[in-house]
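Each residue of the sequence shown is one higher than the one before, counting from 287 in our numbering.
Below you'll find the structure, written out as structure tokens, and then a few comments.
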Amino acid sequence: MMIAGRLSAVSGVQAISLSIAPRRGAVSLVEIAVLASCIIAAAVVSNRYAVDIMIRTFLWAGLALAWNIAGGYAGLISFGHAAFFGIGAYTSTILLLNFGVPPWFGMFAGALIAACAGALLTRVCARLRGPLFILSTLAAGEVVRIAALNWRSLTGGPEGLEIPPVPNVVDMVFKSQWPYVAIIVAYMLAMFALSAWIEQTRYGYYLFATRDNEDGASAIGINPSHTRTAAMALSAATTAIGGTLFAQYFLYLDPTHVISPDISFQFALICAVGGLGTASGPVFGALIIVPLSELLRGLLSQSTSGLHLVIYGIIVIVVILYFPSGVSGAIGRTVSRFFPAGGFAARVQTEKYDAQA
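In structure tokens, the structure reads:
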């Protein structure tokens with residue numbers, strides 16, 4: 287529960303100024319340069335395994351950005367986002383296999399269902415805060431997983447569903463990896479742009495004000511309930527779209543892996559390592575967590591079973607303990623030393639975390 291405690295601590299307990307003027311310059315040249323470097327690297331790498339890791343990294347970055355809308359911006363730490371991920375994956379796959387609906391359209395059906403589920407969950411748990419809200423989202427995710435395991439006629443039960451590996455652009459099935467790279471990079475960039483947009487808009491300041499000082503936000507006319515519900519619905523919908531992309535890339539899904547609590551923990555972990563509540567944090571977190579886990583698995587899993595997980599866990603704990611504002615916060619402090627007038631997004635969070643320390 288150390289991760290949950292850290293997430294709860296950084297999700298906003300410090301009062302902030304309730305000015306609702308949009309924040310300008312939230313995305314710096316450093317962040318743009320990092321994204322551009324990643325995309326260029328993906329374009330020049332020819333090794334199939336390396337490209338696979340990059341696809342996974344970009345996908346997890348996009349999914350973590352989606353989680354961050356609720357967990358970072360709204361302070362709604364959720365360990366049930368695997369349910370929305372699974373809703374997106376299963377909805378598009380079921381529509382494709384049973385009704386011939388292309389995933390290009392099926393993903394939006396999944397996003398709509400997930401958005402409604404997210405809004406309903408937030409409304410039902412409106413009075414819960416902190417650990418109670420976290421546990422309620424975890425329970426909701428387990429309800430969806432158990433339902434998927436037992437509804438064999440629709441989901442295939444424990445055996446899952448398999449998408450025919452027949453290349454077809456309409457069905458979003460490709461022989462080469464590169465179309466998947468393009469689609470998933472586009473998803474990640476769209477999520478990054480959405481996050482950067484939220485940080486600079488009035489709605490973003492509604493989220494920050496509600497997260498950090500609910501009473502103060504209410505006093506100036508913000509409706510915390512509506513603000514949180516909209517954030518969770520948007521987060522759930524965009525997570526569901528990522529679920530569809532996951533299903534189309536791997537061409538197989540089952541409840542144990544797609545709706546596992548581990549998926550939700552991974553979203554939160556990536557954001558905590560990279561920097562919670564920032565547009566760049568989930569990207570930095572994914573760039574560290576995903577390749578690191580794959581590298582350790584490849585190097586150590588065959589020699590000593592489970593050793594790669596131990597080392598992986600130790601590294602993650604060290605990062606969270608010594609960089610409480612995440613990697614993006616550490617980079618933000620470094621950049622601000624050389625460019626005092628810069629607008630690195632993590633600097634706002636860094637100043638708040640330093641005040642808490």
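Where a beta carbon is used, it is the ideal one built from N, C-alpha and C, also for glycine.
Predicted, not measured: the structure shown is a model, and the values here were computed from it.
Buried versus exposed call for residue i [16 or more other C-beta atoms within 10 Å across all chains shown]
i: Asp540; result: buried
i: Thr379; result: buried
i: Pro417; result: exposed
i: Thr408; result: buried
i: Leu607; result: exposed
i: Leu447; result: buried
i: Arg413; result: exposed
i: Phe624; result: exposed
i: Thr620; result: exposed
i: Thr377; result: buried
i: Gly386; result: exposed
i: Tyr335; result: exposed
i: Ile545; result: buried
i: Ser481; result: buried
i: Val576; result: buried
i: Phe391; result: exposed
i: Ala434; result: buried
i: Ile508; result: buried
i: Ile506; result: exposed
Bridge partners - residue i, DSSP secondary structure assignment
i: Tyr538; result: Glu448
i: Asn454; result: Val459
Nonlocal neighbours in the same chain, by C-beta distance under 8 Å from residue i, ignoring five residues either side
i: Pro308; result: Because Pro308 carries a pLDDT of 41, less than 50, the predicted location of this residue cannot be relied on, and the following value inherits that uncertainty. Only Gln486, Thr487, Arg488, Gly490, Tyr491 meet the Cβ criterion.
i: Val613; result: Val559, Gly560, Gly561, Gly567, Phe570, Gly571, Ile574, Val605
i: Tyr473; result: Phe344, Leu345, Gly348, Ile527, Gly528, Leu531
i: Trp437; result: Gly443
i: Gly601; result: It should be noted that the sequence gives Ile, not Gly, for residue 601. Excluding residues within five positions, the ones whose Cβ falls inside 8 Å are Leu578.
i: Ala327; result: Met340
i: Ile449; result: Thr379, Leu382, Leu383, Asp457, Val459, Ala533, Gln534, Leu537, Tyr538
Contacting residues, own chain, Cβ-Cβ under 6 Å from residue i (five flanking each side not counted)
i: Ala533; result: Ala375, Thr379, Leu539
i: Ile355; result: Ala517, Leu520, Ser521
i: Thr423; result: Ser364, Phe365, Gly366
i: Phe419; result: Cys411
i: Arg431; result: Pro541, Ile545
Same chain only: Cβ atoms within 7 Å of residue i, ignoring 5 sequence neighbours per side
i: Pro510; result: Thr496, Glu500, Ala503, Ser504
i: Ala400; result: Phe370, Ile373, Gly374, Ala522, Ala523, Thr525, Ala526
i: Tyr466; result: Ile341, Phe460, Tyr535
i: Ala426; result: Gly366, Ala369, Leu407
i: Ser332; result: none
i: Asn384; result: none
i: Thr515; result: Ala405, Thr408, Arg409
Distance between beta carbons of residue j and residue i, contact taken as under 8 Å
i: Ala572; j: Trp346; result: 5 Å
i: Met458; j: Pro389; result: 4 Å
i: Gly404; j: Phe370; result: 6 Å
i: Leu582; j: Tyr598; result: 5 Å
i: Leu321; j: Phe478; result: 7 Å
i: Ser444; j: Leu537; result: According to the sequence as given, residue 444 is Pro; it is not Ser. Actually they do not touch by this definition, with Cβ atoms about 18 Å apart.
i: Leu493; j: Ala360; result: 5 Å
i: Ala563; j: Gly358; result: Note on residue identity: the sequence assigns Gly, not Ala, to residue 563. Indeed they touch by this definition, with Cβ atoms about 4 Å apart.
i: Ile255; j: Val471; result: What is shown of the chain runs 287 to 643, which leaves residue 255 out entirely.
i: Gln463; j: Asp548; result: Not confirmed; about 25 Å, so no contact.
Residue i Cβ short of 8 Å to the ligand ZN heavy atom set
i: Val387; result: Inclusion of the ligand ZN in the displayed structure is not the case, the ligand content being empty and no account of it being possible.
Stretch-stretch touch, CB-based, cutoff 8 Å, three pairs: the segment 551-564 with the segment 362-371: yes
Three-pair Cβ contact test at 8 Å for the segment 514-529 versus the segment 381-399: yes
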